[in-house]
Structures are given as structure tokens and as C-alpha cells.
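Residue numbers (the working numbering): 314 to 510. Using N, Cα and C, we set each Cβ at its ideal position, and we do this for glycine too. In what follows, a structure is listed as C-alpha cells, so that the remarks can point back to it.
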């Protein structure tokens, strides 16, 4: 039986969860480039929990979803960010972000195993909303490329944290814990939805 790397998991979880209890879409006023973009996804629990859920689900599904879902999300998120920067309207962005936490947390809690293309499509759909929110809030003083790179890197690290936590599924008690994390994420999504509505 493989040993669980507790220290790295604890460090990744602490990093991901040590963010302020603030929504990332309330105009934090960060100006700059890479570091502003990097901080932006970490400043809102709506983003944090959705990113963690993508990693958790990927780890739960195993290869190739383990790496495909956390790659699809930032790539499509960058495209959604470009739409936001260009001013292309997307209705109900905050609702879409809240629903992403509900749906992604729900699939983890329910231990759902759809075909890979369905999982990738669901993740990509929600990535558009998260990216659009980042793109529309791009600080005027920021370098768009550096800012975008920063939020994609931060998103990737949150996915990796979710994957690390998702590795708990190797053990029966770990599967229960991961499904419980999914349920918690879905419940937080309901709270976000109530705030967004």
C-alpha cells in the first residue's frame, strides 16, 4: 500500500485555502501584471473552490482525465478572458461561476464517471465564465499578457492542489473524504448562487 504524502498535501491545501473570504469580482483594485493576475483567482472563494473541484474530479476519474481536465480549464479560461477583455458580453457570469461550484462539487460528491469528452465539455463550459470574469476585470494598468499568464498559473496551482487532495481516493476513507469535499464545494456554490441572484 503506497504511503500518503501528508506534508505536501497539507502545504498545498494550506496554500489554496489561505485566501481571504472575498469574492474576486468586487473590484479588488489590484494593478500590475503577473502578480496581480496570479492573486486574482486566489482572492475569491468562488474561483478557489471551482478550481479545486476540477482537480478533485480529475484525480477521482484517473488518467487521462487527471491531466486533461486541469489543462482544458486554463486553456478555455484564457479564451473566455480574451472575450472579457474585448468586451464581448456574456450574460449571468456570476451565476455561471456559482453554478460551476455546484455542478463540479456535485459530480465529485456523486462520484460521477461520465465519458471523458462529457467531463471535458462541462469543465470547458464553466471555464468560459471564470475566464470572462477575469478578463472584464483586467486592471487598466496591467499588462494583459502578464496578467493573463498570472491567473492561468494560479488556476493551474489550484488544480494541482485539488489533484493532490484527490489522491486520497486511493483509500476507502479517502474516497469518502473527497466526496465530502465535493459536497462542501457544492454547498458553497449554493451560497454563491444566492449572492449572485
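Judged by DSSP in its simplified three-state form, residue 407 adopts helix. Excluding residues up to 5 positions away in sequence, 442 lie with their Cβ nearer than 6 Å to the Cβ of residue 409 in the same chain. For the stretch 353–380, the full-length alpha helix (DSSP H) segments reaching 4 residues or more read 358–374 along the chain. DSSP, read as helix, strand or coil, puts residue 484 in coil. Residue 358 counts as buried, since at least 16 other C-beta atoms from the protein chains shown sit within 10 angstroms of its C-beta. Taking each of 460, 478, 444 in turn and checking the Cα distance to residue 386, the smallest one comes out for 444.
Residue environment for residue 434: exposed (fewer than 16 other C-beta atoms within 10 angstroms of its C-beta).
In this model, residue 499 and residue 347 are separated by some 30 Å (Cα to Cα). By the neighbour-count criterion, in which 16 or more other beta carbons inside 10 Å mark a residue as buried, residue 415 falls on the buried side.
Between residue 350 and residue 356, the alpha-carbon positions lie close to 10 Å from each other.
Straight across, the Cα-Cα distance linking residue 482 with residue 463 is about 30 Å.
When the alpha-carbon of residue 402 is set against those of 439, 412, 494, 449, the nearest one is in 449.
For the pair residue 381 and residue 479, the CB atoms are not nearer than the 8 Å cut-off. For residue 366, the closest alpha carbon among the candidates 477, 506, 507 is that of 477. Residue 426 and residue 398 have their C-alpha atoms some 35 Å from each other.
Looking only at 421, 378, 438, 405, the smallest Cα-Cα distance to residue 507 is reached by 405. Of the residues assessed, residue 376 falls on the exposed side of the cut-off, its CB having fewer than 16 other CB atoms within 10 angstroms.
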